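Okay, so the sequence shown: first residue is 84 according to my numbering, each after it adds one. Glycine included, every Cβ here is placed at the ideal spot set by N, Cα and C. Bear in mind the structure is a predicted one, so any value in this text is a computation, not a measurement. Reading through the structure tokens given below for one structure.
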Amino acid sequence: MVIERRFTSAGQDPFEAFEWIDMDVEIRNPDGSIADSINGVRLPSGFSGIPGKVCAQKYLRKAGVPKYLRSVPEEGVPVWLQRSEPDHERLQKAEADVRMGGETDGRQLFRRLAGTWTYWGWKYGYFASEADARAYFDEMCYLIASQRSAPNSPQWFNTGLHW
């Protein structure tokens with residue numbers, strides 16, 4: 084595939100186009116009592132209100148995300164697209180209570196999705212060039228962060244956990 088950029092520019096972080104806000108999200112029971120709260124979630128300002136609550140409550144991983152990752156070099160895979168795995172050496176040196184955690188920033192979530200899709204496309208030879216793969220990644224990050232595009236729930240939940 085040849086990917087023509089519509090919303091992003093080569094060499095620029097697609098997330099720079101957005102104003103980012105920190106928010107605390109409360110999930111309430113039908114009686115109004117607080118069922119759960121998630122503090123310090125960072126999302127694009129367009130996710131304030133209901134979209135932010137849904138994203139924080141349902142789509143950001145709450146646990147099982149290693150604090151330290153390392154890239155896994157693969158022949159033919161560009162450095163920026165390499166998958167990651169837990170960095171067990173660094174994790175062993177960290178305090179036990181901080182080794183694993185959850186996603187707290189929309190950029191983690193959006194990169195997890197777009198990165199995995201791009202990685203799969205790269206591995207199956209879908210892109211005409213590395214520049215096309217990078218354009219796809221950047222455009223998908225932008226489209227998800229701007230809420231112009233959204234995957235179905237299983238993608239939000241599971242895609243990229245091992246990328």
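Assignment of N122 by DSSP, reduced to helix, strand and coil, places it in the strand class. Using a Cβ distance threshold of 8 Å, A216 and G204 count as a contacting pair. Under the DSSP definition of a beta bridge, S154 partners with S167.
Between the alpha carbons of R166 and V148 lies a distance of about 14 Å. G198 is positioned such that its CB atom lies closer than 8 Å to that of W246. Buried is the label assigned to M223, since at least 16 other Cβ atoms lie within 10 Å of its Cβ. Under the three-state reduction of DSSP, M223 is assigned to helix. Take the alpha-carbon of M106 and the one of G123: they are about 5 Å apart. Spanning the alpha carbons of V181 and R194 requires a straight line of approximately 22 Å. Contact annotation: A179 and M84 have beta-carbon atoms that are not nearer than 8 Å. Exposed is the label assigned to Y207, since fewer than 16 other Cβ atoms lie within 10 Å of its Cβ.
For the pair E157 and P113, the Cα-to-Cα distance works out to about 50 Å.
Rounded to the nearest angstrom, the Cβ distance from R111 to A118 is 6 Å, consistent with a contact under 8 Å.
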